[in-house]
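Right, one structure below, let's go through it.
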Amino acid sequence: MPISVLMPQMGESIAEGTLVRWLKKVGDSVDRDEPLFEISTDKVDAEIPSPAEGVLAAINVEEGGTATVNSVVAVIALVGDDAAAAASSATPDAAVAPAPHEPSVAASPRPQVSRSGTGLTPDEVHRQKSSPLVRKIAREHGVDLTQIAGSGLGGRVTKTDIHRFIEGAPADARSSSTPVQVGDRVEKLSVMRRKIAEHMVFSRRTSAHVHTVFHVNFSTVAGVRAAKKADYERVGVKLTYMAFIAKAVVDAIGRYPVINASLDGDDIIYKADVNLGIAVALDNGLIVPVVKGAGTMGMADLARSIADVAARARAKKLMPDEVSGGTFTITNPGQSGAQFGLPIINQPQVAILCVGAVEKRPVVVNDAIGIRLMSYLTLGFDHRLIDGAVADAFMVDVKRQIENFDPANV
Amino acid sequence: MRPLEVRRLGVISYTEALDLQRALVEERRAGHVPDLLLLLQHPPVITVGVKGDGGRSHILATAAQLNSLGIEVHEPGRGGDVTYHGPGQLVGYPILDLRPDRCDVHRYVRDLEEVMIRMCQDFDVDAGRVTGLTGTWVGAEKIGAIGVRVSRWITSHGFAFNLATNLDHFRLIVPCGIGDRGVTSLDWLTKRTNPLAGVEAACVRHFGDVFAREPLPSSD
Chain X
1 MPISVLMPQM GESIAEGTLV RWLKKVGDSV DRDEPLFEIS TDKVDAEIPS PAEGVLAAIN
61 VEEGGTATVN SVVAVIALVG DDAAAAASSA TPDAAVAPAP HEPSVAASPR PQVSRSGTGL
121 TPDEVHRQKS SPLVRKIARE HGVDLTQIAG SGLGGRVTKT DIHRFIEGAP ADARSSSTPV
181 QVGDRVEKLS VMRRKIAEHM VFSRRTSAHV HTVFHVNFST VAGVRAAKKA DYERVGVKLT
241 YMAFIAKAVV DAIGRYPVIN ASLDGDDIIY KADVNLGIAV ALDNGLIVPV VKGAGTMGMA
301 DLARSIADVA ARARAKKLMP DEVSGGTFTI TNPGQSGAQF GLPIINQPQV AILCVGAVEK
361 RPVVVNDAIG IRLMSYLTLG FDHRLIDGAV ADAFMVDVKR QIENFDPANV
Chain C
1001 MRPLEVRRLG VISYTEALDL QRALVEERRA GHVPDLLLLL QHPPVITVGV KGDGGRSHIL
1061 ATAAQLNSLG IEVHEPGRGG DVTYHGPGQL VGYPILDLRP DRCDVHRYVR DLEEVMIRMC
1121 QDFDVDAGRV TGLTGTWVGA EKIGAIGVRV SRWITSHGFA FNLATNLDHF RLIVPCGIGD
1181 RGVTSLDWLT KRTNPLAGVE AACVRHFGDV FAREPLPSSD
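Note that the protein sequences, when read in sequence, are chains X and C.
Read the first sequence against our numbering and you will find it ends at 410, with the numbers running on by one and no gaps.
Read the second sequence against our numbering and you will find it ends at 1220, with the numbers running on by one and no gaps.
The following block contains the structure:
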């Protein structure tokens, strides 16, 4: 009587495990308690011993696949069993597994050229009962019919199904919802790319994003900048529009602390410091270095700190703690020509300012059309915590400061 | 309470520690030794797993850079992702028999986190857990990492607590990225140098409490 090997329950809260490695091959003999396979769950790797002495007759879960606890991952033929018969009996031994569990096997990423006839669900069996022509095509292309969702009677794979499958999935393509055509390039996500992806989707899921756009006149700032630029350069600091915007933002945050808060369950955390994140584009991603304690900085320190972290971000010379702990972020797609953007909040923050291109535009001044240096500033905010009226009041404050910048503060 | 023998091994190479653990797991299984806690430090080493590329793509530095810093790359034959060990990091490898009453790998990992959280408390550092991210965290930064192997309920590998670790070296493997997830150390957080002996003593005391084991008087 063959024995089923089950995915063990390694802990109360564990529902499934990833099969990392088989230590035996089909056909190998194993002793009772001899390590048979390795699984991995949440930073723990475990070596699982064989429940019985015999021959490993079938493997139902490939390396890298996941299986739910108590599902059958392999079958062991006992001494005296016919290994082939054991392999074809997919029914778990009642003595070992009182309730037969359907093996929940993550599909192997590649279509299998050969696969033993074990561990098939009735559905898979149906799909294999396809016409000789379909089976011939499958053989010629090295396609496993069980990998194809059949549209025919009882889930049978039709000629159209298999042609579509072969055309849509070259042999080295990963199975995915995106069909890969010949000539397409498939590239692994970089670590940074994946982190950005996770971070962005997480933020979209977490916050109720709303955006408000203000048109701000930078003519005064341009004048102040022109007057003070040389002074700043003498001490090695480049005076940028970003420094003026940052100064206006941190001052406005002092009057609207909710913009610099975080939502933690039922608690609103109003941050004591303004740690200002500045989004910096890199070759293959972006990074948000943080200027700590920006709320208490004067213009010169702020300008110097922003230039410093941005330069070191591009040179990949940031310390780990310089990209964490931000409480508000400014992003500047205007430098690449964007009129305005609708930014995603940098979690766990609740608001983000997006700076559009600063450029001369025709505007109405005293009932005449004049030329002014203008920029669209967008505030993206989390409506769970911040209402439109508060967001707009904050933006009016920022706009008022920028349009009436006091040269004495520079 | 079951006895716990603490072995302080000083600085030993990753390979040597691996061989030692393998032998001790068998000794423990045979009942030749009591439950053990190995405390040690490694010379700089980056370890990768066996799954997929084992996190090789997570190593950012070139082979030449690693070489010039004297950092080895090692495959211990475990799962998981890429990790860094180095001087100033207190590494603990418990060789415990989890039977009969602690046969739950999640509980085991949570218990290791608890030991490191309590160690932090002794130094007035407020540490905790982050749901879904194994390890011990101070805010959004990790101070203690965990990677565990269980072979028929005998444990090996374990935890790594950053006392005075060169945090720059972590930048060789994980990009700070968009990351609100950095790495930190006890010395960095407390702005002073904490002697290793004191941190080890805290570790042994809390390990004994959390796992209900009686540390044997040390022979040295």
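C-beta: ideal position from N, C-alpha, C; glycine also.
Listing by chain order, which chain C residues have their CB less than 7 Å from the CB of residue i?
i: X:P343; result: Correct list: empty, because the minimum Cβ distance to chain C is about 13 Å.
i: X:G11; result: D1104, V1105, H1106 and R1107
One question on the structure: do residue i and residue j come within less than 8 Å of each other, judged by their Cβ atoms?
i: C:I1173; j: C:L1060; result: yes
i: C:G1086; j: C:N1166; result: yes
i: X:I196; j: X:G285; result: yes
i: X:V291; j: X:N275; result: yes
i: C:G1144; j: C:F1123; result: no
i: X:I345; j: X:A351; result: yes
i: X:I259; j: X:I330; result: no
i: X:L56; j: X:I39; result: no
i: C:R1002; j: C:L1038; result: no
i: X:R32; j: X:E53; result: yes
i: C:V1073; j: C:I1046; result: yes
i: X:A208; j: X:R400; result: no
i: X:E62; j: X:R21; result: no
i: C:Y1014; j: C:H1042; result: yes
i: C:R1213; j: C:D1035; result: yes
In angstroms with no decimal places, state the Cα-to-Cα distance between residue i and residue j.
i: X:T327; j: X:S262; result: 8 Å
i: X:Q349; j: C:I1154; result: 43 Å
i: C:T1190; j: C:L1004; result: 30 Å
i: C:L1216; j: C:N1162; result: 25 Å
i: C:I1012; j: C:L1040; result: 7 Å
i: X:A222; j: X:R372; result: 10 Å
i: X:G80; j: X:P51; result: 17 Å
i: C:A1202; j: X:A310; result: 41 Å
i: X:F214; j: C:V1183; result: 39 Å
i: X:M7; j: C:V1115; result: 30 Å
i: X:S29; j: X:R193; result: 45 Å
i: X:T158; j: X:V134; result: 7 Å
i: X:T160; j: X:V182; result: 19 Å
i: X:E12; j: X:D45; result: 16 Å
i: X:A272; j: X:P257; result: 9 Å
i: C:V1210; j: C:H1032; result: 24 Å
i: C:I1095; j: C:H1157; result: 8 Å
i: X:G254; j: C:V1105; result: 48 Å
i: X:V186; j: C:E1016; result: 40 Å
i: C:H1206; j: C:M1119; result: 7 Å
i: X:Y376; j: X:N332; result: 11 Å
i: X:A389; j: X:V398; result: 14 Å
i: C:V1204; j: C:Q1065; result: 36 Å
i: X:D264; j: X:I306; result: 28 Å
i: X:M297; j: X:K238; result: 16 Å
i: C:L1196; j: C:T1131; result: 29 Å
Mind listing the chain X neighbours of residue i? Cutoff is C-beta to C-beta under 9 Å, in chain order.
i: C:H1058; result: V191
i: C:V1115; result: Those within 9 Å of C:V1115 in chain X number zero; the least Cβ separation is about 15 Å.
Hey, could you find the ends of the beta strand (DSSP E) residue i is sitting in?
i: C:Q1041; result: D1035 to Q1041
i: X:F328; result: F328 to T331
i: C:N1162; result: I1154 to N1162
i: X:V364; result: E359 to V365
i: X:M374; result: A368 to D382
i: C:Q1089; result: Q1089 to I1095
Which chain X residues are close to residue i, counting only those with a beta carbon under 7 Å from its beta carbon?
i: C:S1068; result: Neighbours of C:S1068 on chain X: none; closest Cβ ~17 Å, over 7 Å.
i: C:V1033; result: By Cβ distance, chain X contributes nothing, its closest Cβ being about 19 Å from C:V1033, past 7 Å.
Mind pulling the chain X residues with CB within less than 8 Å of residue i?
i: C:G1182; result: P320, D321, V323 and S324
i: C:A1140; result: S324 and G325
What residue range does the alpha helix (DSSP H) around residue i cover?
i: X:A252; result: Y241 to R255
i: C:C1203; result: L1196 to F1211
i: X:A310; result: M299 to R314
i: X:V410; result: Taken as a continuous stretch (DSSP letters only), X:V410 belongs to no alpha helix (DSSP H), as it is neither H nor E.
i: X:H199; result: V191 to T206
i: C:L1018; result: Y1014 to R1029
i: C:R1099; result: Element bounds for C:R1099: n/a, residue is neither H nor E.
i: X:N217; result: Careful: X:N217 lies outside any alpha helix (DSSP H), inside the beta strand (DSSP E) at H209 to N217.
Who are the neighbours of residue i on chain C, taking C-beta pairs under 9 Å?
i: X:P412; result: Residue numbering for chain X in the displayed model covers 1 to 410; residue 412 of chain X lies beyond these limits and cannot be assessed.
i: X:I14; result: D1104, V1105 and H1106
Does residue i have its Cβ less than 8 Å from a Cβ in chain A?
i: X:F202; result: The displayed structure is made up of protein chains X and C, and chain A is not among them.
Do the stretch 248 to 256 of chain X and the stretch 306 to 324 of chain X make contact, defined as three or more Cβ pairs closer than 8 Å?
no
Decide yes or no for the touch test of the stretch 350 to 364 of chain X against the stretch 181 to 200 of chain X: beta carbon pairs closer than 8 Å, at least 3 of them.
no
I want to know whether the stretch 386 to 406 of chain X touches the stretch 1019 to 1029 of chain C - three or more CB-CB distances under 8 Å.
no
Are there three or more Cβ pairs, one per stretch, closer than 8 Å when the stretch 17 to 27 of chain X is compared with the stretch 61 to 69 of chain X?
yes
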